[in-house]
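J.:
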Amino acid sequence: MLVGDFYLNKKQNFLTKPYTIISFALIACFLWGSAFPSIKIGYILFEIEKNDTYSKLLFAGYRFFISSIMIFLFCKLKGISLKLTKDKLLQVSILGMLQTFIQYMLFYIGLSNVTGVKGSIISSSSTFFTVILAHFFYKEDKINLQKFLGVILGFTGVIIVNMQKGNLTGGFTFTGEGFLVLSSIFGAFAGIYTKKLTKTINPFVVSGYQLFTGSIGLILISLIGGAKTLNFTTGGSILLIYMGFISAMAFSLWSLLLKYNGVGKISIYKFSIPLFGVLLSYTFLKESFQGVRVLISIILVSIGIILINKEKKHI
Numbered sequence: 013m014l015v016g017d018f019y020l021n022k023k024q025n026f027l028t029k030p031y032t033i034i035s036f037a038l039i040a041c042f043l044w045g046s047a048f049p050s051i052k053i054g055y056i057l058f059e060i061e062k063n064d065t066y067s068k069l070l071f072a073g074y075r076f077f078i079s080s081i082m083i084f085l086f087c088k089l090k091g092i093s094l095k096l097t098k099d100k101l102l103q104v105s106i107l108g109m110l111q112t113f114i115q116y117m118l119f120y121i122g123l124s125n126v127t128g129v130k131g132s133i134i135s136s137s138s139t140f141f142t143v144i145l146a147h148f149f150y151k152e153d154k155i156n157l158q159k160f161l162g163v164i165l166g167f168t169g170v171i172i173v174n175m176q177k178g179n180l181t182g183g184f185t186f187t188g189e190g191f192l193v194l195s196s197i198f199g200a201f202a203g204i205y206t207k208k209l210t211k212t213i214n215p216f217v218v219s220g221y222q223l224f225t226g227s228i229g230l231i232l233i234s235l236i237g238g239a240k241t242l243n244f245t246t247g248g249s250i251l252l253i254y255m256g257f258i259s260a261m262a263f264s265l266w267s268l269l270l271k272y273n274g275v276g277k278i279s280i281y282k283f284s285i286p287l288f289g290v291l292l293s294y295t296f297l298k299e300s301f302q303g304v305r306v307l308i309s310i311i312l313v314s315i316g317i318i319l320i321n322k323e324k325k326h327i
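Mind the numbering: the sequence shown is residues 13 to 327 in this note's numbering, read in order.
Pasting the structure below:
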């Protein structure tokens, strides 16, 4: 028992070290950021049309299903038990519905009804909701002035990196902007719930089961909605496997960090996802790139991360 406690404390100390948090969080966000160009390439390889929302949901469902299988295989190789009681299986299934099924269903439908820039900015509001919710659920995540300023700076950085003339104009539609806001709220609740579950369930097991149940939901709703059969090719299949790896690795790292650290402290790093998305889209898709704008955004997001992680008395 004493030996077990020693290794548990050693693991906890490692996962709460600043360099570990920064490394793991940025790796996860880099992987999520790489999903932006990967998804666009995937739509081309699988011949998914721009407004074919249900085929996009099917594509996402396949991606997350592959992710869950990868995590399950990893658990088997590492000797991590996948057995759960009925209560815990229900809990991770609920998380899967929140985090993978409902959140991404709302995201894809909403994104098809707004500009990409608007979608990226609204989706980044999930960090706001996460910080606010964490304030009420976890005493170590109380909002203070530095945390508030950090979130504001981070969100400003996201707006700047996405700012293009004319792309923020237009009104508000429930199935567009409304669905994206709801997606962000569900994502925030999922982050809070993930931390709760990882207190008693291995983070890898949590990630595997939630991705599995969520992916089944996405596949079913897409087929019910009339999704077209995806055109599988060698290139498309390789990309889909890579995208499965993206989610498997990113969600697992994120769950590990949430288990041992404050939700607000970790969530601020998600502001870097659009930055990685812009940089990688420029690299692989040759999309427009404005160095000064990206540099300013990186500086603002970095300052936001520093402020969030700097300890200060609560207000």
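Note that the Cβ used here is the ideal one computed from N, Cα and C, for glycine as well.
Computed from a predicted structure; not experimentally measured.
1) Considering Cα atoms alone, identify which of Val-217, Tyr-55, Phe-113 is closest to Leu-94.
2) How big is the Cα-Cα spacing for Gly-276 and Ile-320?
3) Looking at the unbroken alpha helix (DSSP H) that takes in Gly-188, where does it start and where does it end?
4) Report the rounded CA-to-CA distance for Ile-134 versus Phe-191, giving the unit in angstroms.
5) With 16 other CB atoms within 10 Å as the buried threshold, where does Leu-307 fall?
6) In three-state terms, what does DSSP make of Asp-64?
7) Under the three-state reduction of DSSP, which class applies to Leu-332: helix, strand or coil?
8) Relative to the C-alpha of Lys-282, which candidate in Ile-51, Phe-141, Leu-251 has its C-alpha closest?
9) Tell me where the alpha helix (DSSP H) around Lys-298 begins and ends.
10) Does the region 152 to 171 come close enough to the region 86 to 102 that 3 or more CB-CB pairs lie under 8 Å?
11) Tell me whether Lys-159 is buried or exposed, calling it buried when 16 or more other Cβ atoms sit within 10 Å of its Cβ.
12) Just verifying my parser: in three-state terms, what is the DSSP assignment at Asn-25?
13) Quick one: is Asn-63 buried, meaning 16 or more other Cβ sit within 10 Å of its Cβ, or exposed?
14) Consider the Cβ of Ala-146: report whether some Cβ of chain D lies at a distance smaller than 7 Å.
15) Am I right that Ser-138 and Gly-199 are in contact with their C-beta atoms under 8 Å? What's the rounded C-beta distance?
16) Cutting at 7 Å between CB atoms, please list the residues of its own chain near Ile-53, excluding the five before and the five after it.
17) CB-CB under 8 Å to Tyr-254, same chain, minus the five flanking residues each way: which ones, in chain order?
18) In chain order, what residues of the same chain lie with their CB nearer than 6 Å to the CB of Phe-224, ignoring the 5 residues before and after it?
19) Which residue's Cα is closest to the Cα of Pro-30: Ile-114, Leu-242, Leu-232, Leu-269?
T.: Considering the structure as presented:
1) The residue given as residue 94 occupies position 82 in the sequence shown. Selected option, being the one with the closest Cα: Val-217.
2) Counted from its first residue, the sequence shown places residue 276 at position 264. Counted from its first residue, the sequence shown places residue 320 at position 308. When rounded, the distance between both Cα atoms is 8 Å.
3) For the purposes of this step, residue 188 is taken as residue 176 along the sequence shown, with counting starting at 1. Element bounds for Gly-188: n/a, residue is neither H nor E.
4) Translated into positions along the sequence shown, residue 134 becomes position 122. Translated into positions along the sequence shown, residue 191 becomes position 179. One C-alpha to the other measures close to 10 Å.
5) In the sequence shown, the residue the question calls residue 307 occupies position 295. Leu-307 comes out exposed.
6) On the sequence shown, position 52 is the one that residue 64 refers to. In the structure shown, Asp-64 sits in coil (DSSP, three-state: anything other than H, G, I, E or B).
7) What is shown of the chain runs 13 to 327, which leaves residue 332 out entirely.
8) Here residue 282 is taken as the residue at index 270 of the sequence shown, counted from 1. Taking only the C-alpha atoms, the option nearest Lys-282 is Phe-141.
9) Position 286 of the sequence shown, counted from the start, is the residue given in the question as residue 298. It is not in any alpha helix (DSSP H) - Lys-298 carries neither H nor E in the DSSP assignment.
10) Counting Cβ pairs under 8 Å, fewer than three are found: no touch.
11) Translated into the one-based positions of the sequence shown, residue 159 becomes position 147. Counting Cβ neighbours within 10 Å, Lys-159 comes out buried, since at least 16 surround it.
12) Counted from its first residue, the sequence shown places residue 25 at position 13. Here Asn-25 sits in helix by DSSP.
13) For the purposes of this step, residue 63 is identified with residue 51 of the sequence shown, where counting begins at 1. It is exposed - the Cβ of Asn-63 has fewer than 16 other Cβ atoms within 10 Å.
14) Absent from the structure is chain D; it holds one protein chain and no more.
15) As a working note, residue 138 is residue 126 in the sequence shown. As a working note, residue 199 is residue 187 in the sequence shown. Beta-carbon to beta-carbon, Ser-138 and Gly-199 are separated by about 4 Å, close enough to satisfy the 8 Å threshold.
16) By 1-based counting over the sequence shown, the position of residue 53 is 41. If we look at Ile-53 and ignore the five residues flanking it on each side, its Cβ neighbours are Leu-251.
17) Position 242 of the sequence shown holds residue 254. Within the same chain, and ignoring the five residues on either side of Tyr-254 in sequence, the residues whose Cβ sits closer than 8 Å to its Cβ are Ser-50.
18) Locating residue 224 in the sequence shown gives position 212, where the first residue counts as 1. Non-local beta-carbon contacts of Phe-224 in its own chain, meaning distances under 6 Å to residues more than five positions away in sequence, involve Ser-80 in chain order.
19) Taking the first residue of the sequence shown as 1, we reach residue 30 at position 18. Considering only alpha carbons, the answer is Leu-269.
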